[in-house]
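2 protein chains.
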Amino acid sequence: MASRDDPLVSWNDGPALAAIREFVARVTDQGSPDFVAPEERVAVFDNDGTLWCEQPMPIELGFILQRLAAMADKDPEPRDRQPWKAAHDRDYGWLGGVITRHYAGDDTDVKVLLGGILQAFAGMDVQDYQAAAHSFLHQGRHPTLRRRFAECGYRPVIELLGYLEANGFTNYIACGGDRDFMRPVTQAVYGIPAERVIGSSNALRYVPGEGRGSIVYLAEADVFDDAPVKPVRIWSRVGRQPILAGGNSNGDIPMLEFAGGSSRPGLRLLVLHDDPEREFDYIAGAERSQEQAEAQGWTVVSIRRDWATVFADPADDGHG
Amino acid sequence: MASRDDPLVSWNDGPALAAIREFVARVTDQGSPDFVAPEERVAVFDNDGTLWCEQPMPIELGFILQRLAAMADKDPEPRDRQPWKAAHDRDYGWLGGVITRHYAGDDTDVKVLLGGILQAFAGMDVQDYQAAAHSFLHQGRHPTLRRRFAECGYRPVIELLGYLEANGFTNYIACGGDRDFMRPVTQAVYGIPAERVIGSSNALRYVPGEGRGSIVYLAEADVFDDAPVKPVRIWSRVGRQPILAGGNSNGDIPMLEFAGGSSRPGLRLLVLHDDPEREFDYIAGAERSQEQAEAQGWTVVSIRRDWATVFADPADDGHG
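Taken in sequence, the protein lines are chains A and H.
Residue numbers for the first sequence follow this note's numbering, beginning at 1 and rising by one.
Residue numbers for the second sequence follow this note's numbering, beginning at 1001 and rising by one.
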């Protein structure tokens, strides 16, 4: 049994819920050989596909396309070049093809898209960027789920974050997506403040100025926070080895492996997207992680089986 | 007057103490136009020369030399090469000359020393490194101050950290020194946990392994957290612009400038080492920062004038 009030009402009884409860009880029981001091109870979670929905395309990509389209609307020069052309023409076929060709081993258009992304925000002040992301996430609406982007978090995982915090854990986000894109909403959506968001970032430059020094994005990549970079970035930011990690794809394998340690317990949660009615049903990009979960006894969280509710009811604003 | 119990007993009355009290009162008074919400009350401090003593040489350099000497003691091969030779022979003349020649514009030996430093910890697990740093800082003794390294923190600044925290601030260290070297002691010495230490780091690599994945240092530099890199790293880690910054050298200028913002108040503290009797008297490497403090009205903290006590009494262990 959990050691505090149990807020996990959106979970069905089953092996995933039992594993979570058992682990939390074990590391918080002072009489347990697996007791972990509160300051060492670090939990890390991927974002896209783990904390919120990443289909039919990552939410951040919508933000980038909106920006590219705005650039092409204002200035005709890039309209004939990808990715501005696709963004300007709302050509989702080209964009979908980028991903399809990527899985087929052809990254030519991935490079074209990434080049556009780097241009899209070059020179922008980080605080202006956050304000734009905040607006997009609160005003934009998911194309099929009929809810605002900031309401696309998975209710059971949000409950889990609260349950962990009530049991002395400190939660971090370690996402492949852009760190500064998520930061404006993570406190409201997940209860995780900006300083506990780890993620990818373009390079930054300090622009001096007394009392008005600022930081702007450069047109260069800096960190892509995926696969073996995830544990490295977690260490760099936290200075502690997590004991709990949650993910949903191959890029999360090293982070999941890193949870725990030779002398401490670790819990690894892997979300399986197997619910076409309430969310989506896909395995692309997650094949190896599911195989490893099977081989190593990681805890698979099946959306269809383990979640009684997937999303919270959206706020009723007359547009639902 | 301060809004909470005042723990600043090691400060003399004067302009620095008055500026600190006035600023804290202003940003914590809900009726003030300069009120800042608690989550935005971020304070950042340089470490060497601001939070603790950096003379006659940075404490971390002693740790590195100990490691280089141990390498040369174990293996004769590098004994004829710098910096192992100097470390093995305890040739502080060569080491002092590196700094002298650096200030004279000759960085040949700086590169030799840095090359040795990168080799010194290459392949070491980050947790083993932290354990070694912890031992060094608790067991090693400052050559002239006759106290353990972990007791070389400035008592007035430690009081200031507590005062800020009691007033809703969150304190971070943003140091040019190595992040992981400081982390094992910052909670005990400054009340600042590992996850709030920002600093330089060698490159890291994840070494996979189920339940025993680990992170090791590579023989390459990654981040040198100084000058314009400081505000960039602060933003990357915190996601907020600090309102208070403390430093003591030219490398802190951008961080000090970055405190506050166009629509918010900012307090900039610059420690001046002008007390040869109780600490040290030096300006090398801090000339421009003192000029800028003068020109911009930053708050200079004179050790001789503003601090009634510089260090806490060392723990009495029979070796004092």
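All C-beta atoms in this analysis are idealised placements derived from N, C-alpha and C, irrespective of residue type, glycine included.
Of the residues the options, which one's Cα is nearest the Cα of residue i?
i, options, result
"C152 of chain A", "A:R21, A:Q30, A:V271 and A:E54", "A:E54"
"I117 of chain A", "A:E257, A:S200, A:D274 and A:A18", "A:S200"
"W1084 of chain H", "H:A1072, H:L1095 and H:Y1092", "H:A1072"
"T50 of chain A", "A:L270, A:D313, A:R183 and A:V98", "A:L270"
"G1239 of chain H", "H:R1041, H:Y1163 and H:G1031", "H:R1041"
"I253 of chain A", "A:Q292, A:E220 and A:D281", "A:Q292"
"M1255 of chain H", "H:F1045, H:G1213, H:R1021 and H:L1008", "H:F1045"
"F1169 of chain H", "H:E1294, H:L1160, H:G1177 and H:G1176", "H:L1160"
"A37 of chain A", "A:D48, A:V24 and A:R146", "A:V24"
"Y129 of chain A", "A:Y282, A:D222, A:R21 and A:R179", "A:R179"
"A1315 of chain H", "H:I1173, H:W1011 and H:H1138", "H:H1138"
"I328 of chain A", "A:P276, A:Q127, A:A284 and A:T108", "Nothing about residue 328 of chain A can be reported from this structure: the residues present for chain A run from 1 to 320 only."
"E220 of chain A", "A:D34, A:L114, A:G162 and A:G62", "A:L114"
"G297 of chain A", "A:L8, A:D125, A:A16 and A:V9", "A:A16"
"V1185 of chain H", "H:P1056, H:R1081, H:Q1082 and H:S1135", "H:S1135"
"P1208 of chain H", "A:A259, A:Y154, A:R141 and A:A104", "A:A259"
"S10 of chain A", "A:G162, A:V223 and A:G191", "A:G162"
"F311 of chain A", "A:E257, A:A188 and A:W52", "A:W52"
"A322 of chain A", "A:V223, A:H102 and A:R141", "The structure shown has nothing for residue 322 of chain A, since chain A only spans 1 to 320."
"V112 of chain A", "A:D91, A:M124 and A:R81", "A:R81"
"R196 of chain A", "H:R1155, H:A1018, H:E1039 and H:P1007", "H:E1039"
"P58 of chain A", "A:D222, A:D91 and A:I99", "A:I99"
"V126 of chain A", "A:D281, A:Y154, A:I192 and A:R183", "A:R183"
"I158 of chain A", "A:A188, A:V110 and A:R90", "A:A188"
"H1088 of chain H", "H:P1143, H:R1268 and H:R1067", "H:R1067"
"E975 of chain H", "H:P1143, H:Y1190, H:L1145 and H:R1146", "Since the first residue of chain H shown is 1001 and the last is 1320, residue 975 of chain H is not available in this structure."
"Y1217 of chain H", "A:Y217, A:D222 and A:V232", "A:V232"
"N1167 of chain H", "H:R1021, H:N1012 and H:G1014", "H:R1021"
"F280 of chain A", "A:D109, A:R90, A:T144 and A:L8", "A:T144"
So, under 8 Å CB-CB, residue i and residue j are touching, yes? Tell me the CB distance rounded to an integer number of Å.
i, j, result
"L229 of chain A", "L272 of chain A", "This sequence places Val at residue 229 of chain A; Leu is not what is there. 24 Å between Cβ atoms; not a contact."
"N1248 of chain H", "A1043 of chain H", "Actually they are not in contact, since the Cβ atoms of N1248 of chain H and A1043 of chain H sit about 15 Å apart, beyond 8 Å."
"A120 of chain A", "I64 of chain A", "6 Å"
"I1198 of chain H", "I1243 of chain H", "Not a contact, Cβ separation roughly 16 Å."
"E60 of chain A", "G246 of chain A", "About 19 Å; that fails the 8 Å criterion."
"N1047 of chain H", "I1173 of chain H", "5 Å"
"G62 of chain A", "G140 of chain A", "6 Å"
Which partner residues of residue i appear in the DSSP bridge assignment?
i, result
"T1170 of chain H", "H:V1042"
"F280 of chain A", "DSSP output for F280 of chain A lists no bridge partner at all."
"F323 of chain A", "Residue 323 of chain A lies beyond the range of chain A shown here (1 to 320); nothing can be said about it."
"G1115 of chain H", "G1115 of chain H is not bridged to any residue."
"V271 of chain A", "A:V301"
"D125 of chain A", "A:V216"
"W1235 of chain H", "W1235 of chain H is not bridged to any residue."
"S1135 of chain H", "Bridge partners of S1135 of chain H: none, in fact."
"Y206 of chain A", "A:I215"
"S1201 of chain H", "H:V1223"
"G1246 of chain H", "H:F1045 and H:L1269"
"R1183 of chain H", "R1183 of chain H is not bridged to any residue."
"W52 of chain A", "A:D48 and A:G153"
"D178 of chain A", "A:S200"
"W11 of chain A", "A:W307"
"R141 of chain A", "A:R148"
Quick one: is the Cβ of residue i within less than 7 Å of any heavy atom of the ligand GTP?
i, result
"S1289 of chain H", "The ligand GTP is not among the ligands present in this structure, which contains no ligands whatsoever."
Requested in this report: With 8 Å as the C-beta to C-beta threshold (strictly closer), list the residues of the region 1036-1070 of chain H near chain A in chain order.
Outcome: Listed by position, the residues of the region 1036-1070 of chain H near chain A (Cβ gap below 8 Å) are E1039.
Query - Members of the region 125-137 of chain A that neighbour chain H once the beta carbon cut-off is set at 9 Å - result: Listed in sequence order: V126, Q127 and Q130.
Query raised in the report: Contact between the region 1209-1228 of chain H and the region 1262-1280 of chain H: three or more CB pairs below 8 Å?
Result: Of all C-beta pairs linking the region 1209-1228 of chain H to the region 1262-1280 of chain H, fewer than three are shorter than 8 Å, placing the two stretches out of contact.
Query raised in the report: Would you call the region 1060-1076 of chain H and the region 1277-1288 of chain H touching, i.e. three or more CB-CB distances under 8 Å?
Result: Contact between the region 1060-1076 of chain H and the region 1277-1288 of chain H is absent, because fewer than three Cβ pairs lie under 8 Å.
Query raised in the report: In chain order, what residues of the region 1233-1264 of chain H put their CB closer than 8 Å to some CB of chain A?
Result: Result list: W1235, S1236, R1237, V1238, G1239, R1240, Q1241, P1254, E1257, F1258, G1260, G1261 and S1262.
**Report entry** contact_flag[the region 1203-1215 of chain H, the region 1074-1082 of chain H] where n(CB pairs < 8 Å) is 3 or more
**Finding:** Judged by Cβ distances under 8 Å, the region 1203-1215 of chain H makes no contact with the region 1074-1082 of chain H, as fewer than three pairs qualify.
**Report entry** Touching by the beta-carbon criterion (3+ pairs, under 8 Å), the region 26-40 of chain A and the region 303-315 of chain A
**Finding:** Result no; under three Cβ-Cβ pairs closer than 8 Å.
Report task. Would you check if the region 92-100 of chain A and the region 211-224 of chain A touch, i.e. whether three or more CB-CB distances between them fall below 8 Å? Result -> No, they do not touch.
**Report entry** Where the region 1109-1120 of chain H meets chain A: residues whose CB sits under 8 Å from a CB there
**Finding:** Answer in chain order: no residues at all.
**Report entry** Positions along the region 1198-1209 of chain H whose CB lies within less than 8 Å of some CB in chain A
**Finding:** Along the region 1198-1209 of chain H, going in chain order, the ones with a CB nearer than 8 Å to a CB of chain A are S1201, L1204, R1205, Y1206, P1208 and G1209.
Requested in this report: Check distances from the C-beta atoms of the region 1164-1181 of chain H to those of chain A and list, in chain order, the residues that come in under 9 Å.
Outcome: Result list: T1170, Y1172, R1179 and D1180.
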